[in-house]
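Here's the structure we're looking at; comments come further down.
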Amino acid sequence: MIIRKCLLGGILGVFSISIWAQNARLNLLHEKNRLSFEVRFHEKIVIPSSPLGLSIDNRVLGQELASAPSLISSDNGIKCYEIKHKDGSTLYLDIRESDDGIAFRYRIPANGPRCVYEEKTAFTFPQDTKVWYASSPFQYGWIQAYQERPVNQIAGELLAPPATFRLPDGTYAAVTEANLFHYHGAVLFGEPENRVRFGYVENKGHLETGTMTGLPAGRYYHEAVRNVPWIVYPDSEKGEIRTPWRILMLAENLNNLVNNKIIANVSDQPNPELFPNGADTEWIKPGRSIFTWLVEGPNRLSVANHKKYVDGAAELGLQSVVVDDGWEWWPETEPNGKGKTKWDFLSELVNYARSKNIDIWVWRPSSPRTGNAKDIGLNDPVERKNFMKKCAEIGVKGLKIDFFHTENLYTVNLMEKILQDAAREKLMVVFHGVNKPTGDSYTYPNLLAKEAVRGLECVGGEQSWAPGPAWPYHNTVLPFTRWLAGPADYTPLNFRGFCPPSVTFTHQLASIYMFTSPMLIMAADMEDMLACPGRQFIEEVPIEWDESYVLPQSEIGKLAAIARRKGDVWYLAILNGEEEKQLSCKLDFLEKGTYQVTFATDKGRKEIVMNEQKTKSDRNLKIHLLSGGGYLAKFVKVKK
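Below, the structure is given as structure tokens:
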């Protein structure tokens, strides 16, 4: 540890504490009685002096310090600093450094609730840094217009974490939060002087109606109100309030950024009473699924159509079918519904699916929706436990819970209660209409994915209810922004005419290898998947990977090219942006040898062509990509 102290004219000027250990290093600064920090990466300053602190009970912690911060412990990779204020109060700052970046959190001693007004934590970036970010909170789901701007032009903007930055020297950075429990989720506010600051937003509809969570009236869907004061409660055993970890990912290239492990490293471990073997607990079974949201035809939600999709799922080797909103109305919508309950119909479908070795998941709103008198929310603890118990009794394996629409403290706690109660009934969960992942799936491994993305279900609403950027641009930004936080529920894959004409059918096919998820829910009509020339790629797509490698030709918003390995087999998925291009790709991710390559390319915009060839690992792959085009290949070694 190196400690530097500088006296300027008898006045304490700058006190910094530096820990020399990893590629990324946080220097804690004490400037003019205020707490701040800088970050070095490979010995270069990447984050110049930036403020720390919180406004609690209408006073700022991290200002008016009595002395310089002092290191009081260093355990399990966490260094704890004590910060004393002139009024006698104390703040603790935990710091973790690694080759992947830095993480820090605040701990505030408290014997009762406190009111949070805002956070002072900010990251300052060098001039000429570029940033890619979604311009509204992820919990508002379907409106995620990604922006690409110089960092000096984002003052006043709202950035959904993770936002990704490219510094002038080529370093990549991403800012987000992790281990979000018992605390309000955060967004980022763009500020002058090339800064982004952590802050909080709430939905205007929740504030005006007094509801705490759930889908508000339509006029409030995207109405975010900034920094409304909120109450936080201390941990009764520890006698303190802990913020989530504030995360800065750092990488020399996109490959290292995509393979960043910092969120996993700071996330709490699973409760062994709920998950005896952690993520390997026997009833947690990641898989591939089908969802009828984009299916055409008048009988999309019928029991008969779901049985048809069970048959198709079995033929394709999928693991499950997700039953969409509407199943609770089957007694009224099914022709033979008289005298039957929704549970009768669901049990019939579960039993049918079981005979085909297919699992059933069901959709459910998290809370009553405005204007829907029959909704009973899972925020009612009695309803939640009874519903989950009944699902488990009839053999449902998972729940797709929708419409949270906020990440306030109440909703963050509600999500955790849902995960706990689901685990007790051995139910897996996907959250939809929800905030970004924060490592919660490491703590609750029954959480397989969170939507938190403008996914394919928004197709058709580009000019109305789901405005956003062109799909080729959007899809080539996502692997290097949203996916850094964790898997999403994008519901990829569709081959119908209403799907984005700006992306080709091979782009669609490659997307199931690009937008990875432990619960990969596909949205294509069953007839199209069964007849697809690239059907083998649908049948065999892994949902958990052993290794991923981002090809150096990748460029955010222009090209996403990622090779992934499962066992001894490699796959290469490429999504092109808006400009047609020729690629020459090195195959240096492959071991030395000769490979049989099965690959899908575009013939026009709506035809997938399959081919095979042999190649060697030391050869370059020549690929022609249409605007919004795609490429997908499988590499099997046939000779050393």
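Heads up: the sequence shown is residues 2 to 641, going by this note's numbering.
For glycine and all other residues, C-beta sits at the position ideal for the given N, C-alpha and C.
All figures in this text were calculated on a predicted structure; none of them were measured in a lab.
Proximity winner among the options, relative to residue i (alpha-carbon distances)
i       : options                            : result
Lys-80  : Asp-58, Ala-69, Asp-88, Ala-104    : Ala-104
Pro-235 : Tyr-514, Leu-428, Cys-116, Tyr-632 : Cys-116
Gly-157 : Phe-166, Ile-144, Asn-195, Thr-595 : Asn-195
Val-1   : Phe-182, Asn-180, Val-176          : Past the edges of the chain, shown from 2 to 641, lies residue 1, and the structure says nothing about it.
Phe-583 : Arg-247, Lys-341, Ile-575, His-625 : The residue you asked about is not Phe; residue 583 is Gln in the sequence shown. The option with the nearest alpha carbon to Gln-583 is His-625.
Ala-450 : Lys-339, Trp-484, Glu-458          : Trp-484
Pro-162 : Ser-356, Thr-477, Glu-238, Asn-436 : Asn-436
Ser-37  : Pro-70, Thr-599, Ala-511           : Pro-70
Ser-618 : Arg-243, Ile-359, Lys-641, Lys-339 : Lys-641
Phe-139 : Ser-555, Val-454, Leu-317          : Val-454
Pro-151 : Ile-144, Pro-114, Pro-193          : Pro-193
Glu-39  : Glu-65, Asp-326, Ile-57, Thr-125   : Thr-125
Cys-586 : Thr-595, Ile-563, Glu-579, Gly-578 : Ile-563
Ala-486 : Arg-26, Gly-206, Ala-265           : Ala-265
Trp-472 : Ser-512, Ile-291, Val-598          : Ser-512
Ala-489 : Tyr-514, Ser-503, Thr-505          : Tyr-514
Lys-85  : Asn-34, Ser-74, Glu-44             : Asn-34
Tyr-222 : Leu-415, Thr-407, Asn-612          : Thr-407
Asp-529 : Tyr-310, Glu-349, Leu-379, Lys-391 : Tyr-310
Thr-412 : Thr-91, Leu-379, Gly-89            : Leu-379
Proximity of residue i and residue j at Cβ, strictly below 9 Å
i       : j       : result
Pro-470 : Pro-287 : no
Val-323 : Val-363 : yes
Val-197 : Val-132 : yes
Gln-128 : Asn-153 : yes
Ala-601 : Phe-516 : no
Val-431 : Gly-399 : yes
Arg-106 : Pro-271 : no
Lys-357 : Ala-424 : no
Phe-405 : Gly-215 : yes
Gln-597 : Val-637 : yes
Span of the beta strand (DSSP E), counted from its first residue to its last, around residue i
i       : result
Tyr-1   : No statement about residue 1 is possible, as the shown extent of the chain runs from 2 to 641 and does not include it.
Tyr-474 : Not the beta strand (DSSP E): Tyr-474 falls in the alpha helix (DSSP H), residues 472-478.
Ser-56  : 55-57
Asp-403 : 399-403
Ile-109 : 102-110
Trp-364 : 360-366
Leu-536 : Contrary to the premise, residue 536 reads as Arg rather than Leu in this sequence. No beta strand (DSSP E) holds Arg-536; the alpha helix (DSSP H) holding it covers 536-541.
Asp-603 : 595-603
Glu-548 : 548-551
Arg-497 : Where Arg-497 is concerned, there is no enclosing beta strand (DSSP E), given that its DSSP letter is neither H nor E.
Val-176 : 173-179
Counted within 10 angstroms of its Cβ, other Cβ atoms place residue i as buried (16 or more) or exposed
i       : result
Ile-12  : Here the model assigns Ile-12 a pLDDT of 31, short of 50, so the residue's position is not dependable and the matter cannot be decided.
Trp-21  : Because Trp-21 sits at a pLDDT of 45, beneath the cut-off of 50, its placement in the model cannot be relied upon, and the point is left open.
Gly-631 : buried
Leu-633 : buried
Arg-220 : exposed
Thr-172 : buried
Lys-6   : Its pLDDT being 33, under 50, Lys-6 is placed unreliably in this model, and the value from its coordinates should be taken loosely. That one is exposed.
Lys-635 : buried
Gly-629 : buried
Asp-569 : exposed
Leu-627 : buried
Ala-532 : exposed
Val-202 : buried
Gln-509 : buried
Asn-373 : exposed
Arg-370 : buried
Ile-4   : Only weak support is given to the placement of Ile-4: the predicted model assigns it a pLDDT of 33, under 50, and the value that follows is read from those uncertain coordinates. Classification of Ile-4: exposed, given that the 10 Å Cβ count is below 16.
Leu-191 : Residue identity check: residue 191 is Gly in the sequence provided, not Leu. Buried, by the Cβ-count rule.
Asn-77  : exposed
His-31  : buried
Glu-120 : buried
Gln-464 : exposed
Ile-609 : buried
Val-639 : exposed
Whole-number beta carbon distance between residue j and residue i, since they are thought to touch under 8 Å
i       : j       : result
Ile-395 : Ser-367 : With 8 Å as the limit, Ile-395 and Ser-367 do not qualify as a contact, their Cβ atoms being about 21 Å apart.
First through last residue of the alpha helix (DSSP H) which encompasses residue i
i       : result
Pro-245 : That residue, Pro-245, is in no alpha helix (DSSP H); it is neither H nor E in DSSP.
Gln-64  : Run containing Gln-64: none; DSSP gives neither H nor E here.
Glu-394 : 382-395
Gly-313 : 304-317
Lys-205 : 205-210
Phe-432 : Here Phe-432 belongs to no alpha helix (DSSP H); instead the beta strand (DSSP E) covers 429-432.
Glu-349 : 343-356
Ser-333 : Note on residue identity: the sequence assigns Glu, not Ser, to residue 333. Its alpha helix (DSSP H) spans residues 331-334.
Arg-425 : 410-425
Residue i CB to nearest heavy atom of the ligand MG below 8 Å
i      : result
Asp-95 : Questions concerning the ligand MG fall outside what the structure shown contains, since it holds no ligand whatsoever.
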